[in-house]
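What follows is a short report on a single structure.
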Amino acid sequence: MSLEIINNPILATIQDKGRYSYSHIGVTNSGVMDEYAYMYANKMLSNPLNTNTIEISFSNVSFKAHADTQIAITGAICEVFINDISKICWHTYHIKSGDIIKIGKILEGSRVYFSVKDGFDIKKEFGSNSTTLKENLGGLDGGKLKKGDILAFKPFPKTHNKRLKKEHIPIYEDELILRVILSYQEENFSKEEQDKFFSNTYTITNEFNRMGCKLSGKAIACDINGIISEGISFGAIQIPSDGQPIILLKDRQTIGGYPKIGSVFSIDCFKLSQAKPNCKIKFVPIGIEEAQEKLRAFYHYFR
């Protein structure tokens, strides 16, 4: 009644929606990087919305099932094999005891989500199963998954498979438009600097992980060199002394002292999570009321 990891993944971790209300003691939110793909996996499996999943960030992860269940593969488009038979992503499959499931090469996007019916039976820490490697918290002993790890689950009998309609499957592009809500610190950036920020194209650098995404492009100047360290929101765009924007993501630090020109709309952060280095980024402004309306509609759909 479990799933066994039968090779050594480069980076695969247990995640869920994240860990909230602990920032005051220095515990970051963490959680899945691409909530769109994650929530569709749970919807396809009729799972509760906060059910845990495996987030796979590099190619070639192999599993062996020790009980029957239903699985869903969403997120990045990748090679999927069940007992060496090729399958497709954004689809559910019935798995039998003894089956071997392999996530092969990632073809489009960056992160794959491997979910099982009703999730894995793992004890929560601070109310979540999400793994935060830098804090050695969550998942299995706070670390990434490795060969020999056993993930227990409740068996589930065979049922019909589901697939997502093509129009709902994201297209992972090399150019992204990210909507930005300006910060209360926008007054520390002149109109000329704000215009520069919104009119220029930035490039994702190799400094891109679960903590944040550093961009390269025309430097943005701020009227102040720093601020008293304060809490940091998901998607916050810090402008350090070199003027190159940094977008902070799920494993971000809980406080920081760089000024922030704004915050990337959280739904667009999910798109960003599937991007790769050298992807081009353009920013456009969005009002907070419009963003709130779109966010309510997004989560209402998955209820």
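Everything in the sequence shown is counted per my numbering, starting at 1 for the first residue and increasing by one. Heads up, the beta-carbon is just placed ideally off N, CA and C, and yes, glycines get one too.
Taking a contact to mean a Cβ-Cβ separation below 8 Å, would you say L164 touches Y36 in this structure? In the sequence shown, residue 164 corresponds to position 164, counting from 1. In the sequence shown, residue 36 corresponds to position 36, counting from 1. Contact flag unset, no.
Candidates F298, K43, E207 and T51: which alpha carbon is nearest K123's? In the sequence shown, counting from the first residue as 1, residue 123 sits at position 123. It is T51 whose Cα lies nearest to the Cα of K123.
With burial defined as no fewer than 16 other Cβ atoms inside 10 Å of the residue's Cβ, what is the status of A221: buried or exposed? What you label residue 221 is simply residue 221 of the sequence shown in a count that begins at 1. Burial call: exposed.
Determine the contact status of P111 and A72, defining contact as a CB-CB distance below 8 Å. As a first step, residue 111 must be located in the sequence shown, where it is residue number 111. As a first step, residue 72 must be located in the sequence shown, where it is residue number 72. The residue asked about is misnamed: residue 111 is Arg in this sequence, not Pro. No, Cβ-Cβ distance for R111 and A72 is not below 8 Å.
E175 burial status per 10 Å Cβ neighbour count (16 or more: buried): As a first step, residue 175 is located in the sequence shown; it is residue number 175 there, counting from the start. The residue is exposed, with fewer than 16 neighbouring Cβ atoms inside 10 Å.
Let me check one thing: in DSSP terms, what residues is I116 bridge-paired to? Within the sequence shown, the letter at position 116 stands for residue 116. Ile is not the amino acid found at residue 116; the sequence shown has Val there. DSSP lists I71 as the bridge partner or partners of V116.
Does Q15 pass the burial test, meaning 16 or more other C-beta atoms within 10 Å, or should it be called exposed? If you number the sequence shown from 1, residue 15 lands on position 15. Classification of Q15: buried, given that the 10 Å Cβ count is 16 or more.
From what residue to what residue does the alpha helix (DSSP H) around S199 run? Reading the sequence shown from its first residue, position 199 is the one you call residue 199. Taken as a continuous stretch (DSSP letters only), the alpha helix (DSSP H) holding S199 covers K191 to S199.
Where the beta strand (DSSP E) containing R179 begins and where it ends: Position 179 of the sequence shown, counted from the start, is the residue given in the question as residue 179. Unbroken beta strand (DSSP E) run through R179: E175 to L182.
Exposed unless 16 or more other CB atoms sit within 10 angstroms - verdict on S128: Position 128 of the sequence shown holds residue 128. When all chains shown are included, S128 counts as buried.
Under a Cβ-count criterion, where at least 16 other Cβ atoms within 10 Å of its own Cβ denotes burial, should Y202 be classed as buried or exposed? Taking the first residue of the sequence shown as 1, we reach residue 202 at position 202. Burial call: buried.
With a threshold of 16 other CB atoms inside 10 Å of the CB of F302, please say whether the residue is buried or exposed. In the sequence shown, the residue the question calls residue 302 occupies position 302. Under this definition F302 is an exposed residue.
Check the C-beta distance from T254 over to G231 and give it rounded, since I have them as a contact under 8 Å. For this step, residue 254 is matched to residue 254 along the sequence shown. For this step, residue 231 is matched to residue 231 along the sequence shown. 6 Å between Cβ atoms; contact.
Boundaries of the alpha helix (DSSP H) in which N42 is found, first to last residue: On the sequence shown, position 42 is the one that residue 42 refers to. Counting along the chain, the alpha helix (DSSP H) containing N42 begins and ends at E35 to M44.
With DSSP as the reference, label F81 as helix, strand or coil. Here the question's residue 81 lines up with position 81 in the sequence shown. Looking at F81 - three-state DSSP - the assignment turns out to be strand.
Quick test of your reading: H66 and E4, contact by CB under 8 Å. State the CB separation rounded to the nearest angstrom. For the purposes of this step, residue 66 is taken as residue 66 along the sequence shown, with counting starting at 1. For the purposes of this step, residue 4 is taken as residue 4 along the sequence shown, with counting starting at 1. Contact flag correct, Cβ pair sits at about 6 Å.
For the beta strand (DSSP E) containing L49, name the first residue and the last one. Reading the sequence shown from its first residue, position 49 is the one you call residue 49. Careful: L49 lies outside any beta strand (DSSP E) and carries neither H nor E.
Would you kindly report the start and end of the unbroken alpha helix (DSSP H) that includes H94? The sequence position of residue 94 within the sequence shown is 94, counting from 1. Run containing H94: none in the alpha helix (DSSP H); it sits in the beta strand (DSSP E), H91 to I95.
Take every Cβ of the stretch 27–35, pair it with every Cβ of the stretch 143–150, and state whether three or more of those distances are shorter than 8 Å. no
Which residues in the same chain as K117 place their Cβ atom closer than 6 Å to its Cβ, once the five residues preceding and following it in sequence are excluded? Translated into the one-based positions of the sequence shown, residue 117 becomes position 117. Cβ within range, chain order: L45, T69, Q70 and F156.
Taking just the CA atoms, how far does L107 sit from G262? Sequence index remark: in the sequence shown, residue 262 carries index 262 (1-based). Sequence index remark: in the sequence shown, residue 107 carries index 107 (1-based). C-alpha separation (whole angstroms): 32 Å.
Please classify D195: is it buried, with 16 or more other beta-carbons within 10 angstroms of its beta-carbon, or exposed? Residue numbering aside, residue 195 sits at position 195 when the sequence shown is read from its first letter. With a 10 Å radius around the Cβ and a threshold of 16 neighbouring Cβ atoms, D195 comes out exposed.
Nearest to S229 by alpha carbon, out of A219, P259 and D223? Within the sequence shown, residue 229 is the residue found at index 229, counting from 1. Nearest option by C-alpha distance: P259.
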